[in-house]
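These protein sequence lines map, in sequence, to chains S and P. Numbering-wise, this note's numbering puts 50 at position 50 of the first sequence, and it's gapless, one number per residue. Heads up, this note's numbering is the position in the second sequence plus 1000, with the first residue counted as 1.
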Amino acid sequence: MQGILGSLVDLNHPGHYIHWGFIQLSVANLVVIALMVLVFMVALVVPFRRHGGGER
Amino acid sequence: MTVDLNPDEATAGAAADLPEDADQWTARLRNAALEALPPQRLMPDRQPAYVASWIYVFGVLTLAALAVVILTGMVLAIFGPAWWHDSSAGLFVNSLHLWSVEVFFFAMVVHLWGKFFMAAWRGRRRATWITGVVSFVVSVGAAFTGYLSQQNFDSQWISTQAKDGINATGAGAIFNVTNFGQMLMWHIMLLPLVVAILVGLHILLVRRRGVVPPFAEPAEAGGTEAVNGGLAESGEVR
C-alpha cells in the first residue's frame, strides 16, 4: 500500500512494477485500471437524477 | 445546362427543385441523407427513458475530453515547441493536452465496458460498434505518436523500445518511430483526421440507430417505445 501511494506522490524514481508470470504491469497503470473498474461499478449503481422527476 | 430558377420556387426540401433534376447526384445525395437522418433524429429533444443512467454518460464524456484534446493541440500548434517547453502558460496547456488524453481514454474504456456488457451491437448497430472499436485503436496510435513527439527522454525511451516491436511486424520501413518529423506529422495531421472522421461517423450512426436499450426492457417496451420520439428501430430488435 505504501508503495502504491508513494508512486502516486513521488515520481522521481524508477516505476514500481508487478510481475505475474509473463505479465508485467506498472503500479501506476494498475491504479488507473482499478479506478476505471470502480467508476464503472459506481456508474451502474448510483441513481441518475432526472429533470422534473418524471419519465422522460 | 443552366436553368433560370425563381428564388421563390427554390425550396429547401428534400425533393429536387425541378422534376428533371431528381436524378442529379446532388438531389439523390440530399434525399438519402435526409431519409437516413431527418433533423429531428439528428438533433432530438428527448432521449429514451433508459438513458437516464450514469453508464450512458461516458460516451459524451469521451467526446468532451476529445474536444479539449483537439483544442489544446491546436493551441500548442499555434505557439510551437519553445513555448510549450519553456513558458509556464505553454507548460500548462501542454499538461492540459496530456491530462485530457488521460480522461479521454479513461472515459472511453468505461464506455466500452458499458456497451460491451449491453451487447450494444444489437438492433442493427454493428456499424456503430465497429466504428467505436476502430476509433479506439486509431486513438491508441494517435496517443502513441503523441508520446513520441514530447521531445524528452521519455519519448526517446518509448521510441527506442517501440522500434523493435514495430520492426518485428515489418512496418518499420514505412513507419519509423525514431523519425521525429514523421511521428509529429502522423500525430498532428493524419491520425487526428482519421479519429475525427471515425468519431463523427460513430455519432451519426448512434443518432441513426438510436441508443441501445438495456436487455430487460423489450418485454415491457410500451413505455420505452413511447418516449423514443418515433425511433421505431432504436432498440426493440435484438
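Using N, Cα and C, we set each Cβ at its ideal position, and we do this for glycine too. Computed from a predicted model, the values in this text were never measured in an experiment.
Three-state class that DSSP yields for residue i in the structure shown
i         : result
P:Trp1121 : coil
S:Pro23   : In the sequence on display, residue 23 of chain S carries Ile and not Pro. Looking at S:Ile23 - three-state DSSP - the assignment turns out to be strand.
P:Ala1173 : coil
P:Arg1046 : coil
P:Phe1215 : coil
P:Ala1077 : helix
S:Val37   : helix
P:Ser1053 : coil
Beta-carbon proximity of residue i to residue j, cut-off 7 Å
i         : j         : result
S:Phe48   : P:Ala1052 : yes
P:Thr1062 : P:Ala1107 : yes
P:Leu1184 : P:Ser1149 : yes
S:Ala34   : P:Trp1054 : no
P:Tyr1056 : P:Pro1213 : no
Length of the line joining the Cα atoms of residue i and residue j
i         : j         : result
P:Leu1034 : P:Gly1172 : 44 Å
P:Leu1205 : P:Trp1121 : 11 Å
P:Ala1015 : P:Ala1022 : 7 Å
P:Asp1086 : P:Met1074 : 18 Å
P:Arg1028 : P:Arg1124 : 24 Å
P:Lys983  : P:Ser1095 : In this structure chain P extends from 1001 to 1238, so residue 983 of chain P is not present and cannot be described.
P:Leu1193 : P:Pro1038 : 26 Å
P:Leu1066 : P:Pro1019 : 44 Å
S:Met36   : S:Val46   : 15 Å
P:Leu1198 : P:Trp1129 : 11 Å
Residue i: first and last residue of the uninterrupted beta strand (DSSP E) it sits in
i         : result
P:His1085 : No beta strand (DSSP E) holds P:His1085; the alpha helix (DSSP H) holding it covers 1081-1086.
S:Gln20   : It is worth fixing the name first, because residue 20 of chain S is Trp in this sequence and not Gln. 17-20 is the span of the beta strand (DSSP E), which, as asked, contains S:Trp20.
Residue i: first and last residue of the uninterrupted alpha helix (DSSP H) it sits in
i         : result
P:Ala1142 : 1126-1148
S:Phe48   : No alpha helix (DSSP H) holds S:Phe48; DSSP gives it neither H nor E.
P:Pro1192 : 1191-1209
P:Leu1029 : 1025-1036
P:Leu1184 : 1180-1185
Evaluate the contact criterion for the segment 1041-1050 of chain P versus the segment 1175-1193 of chain P: three or more CB pairs, one atom per stretch, below 8 Å. no
Segment contact, 8 Å Cβ cut-off, at least three pairs: the segment 1147-1167 of chain P with the segment 1177-1192 of chain P: yes
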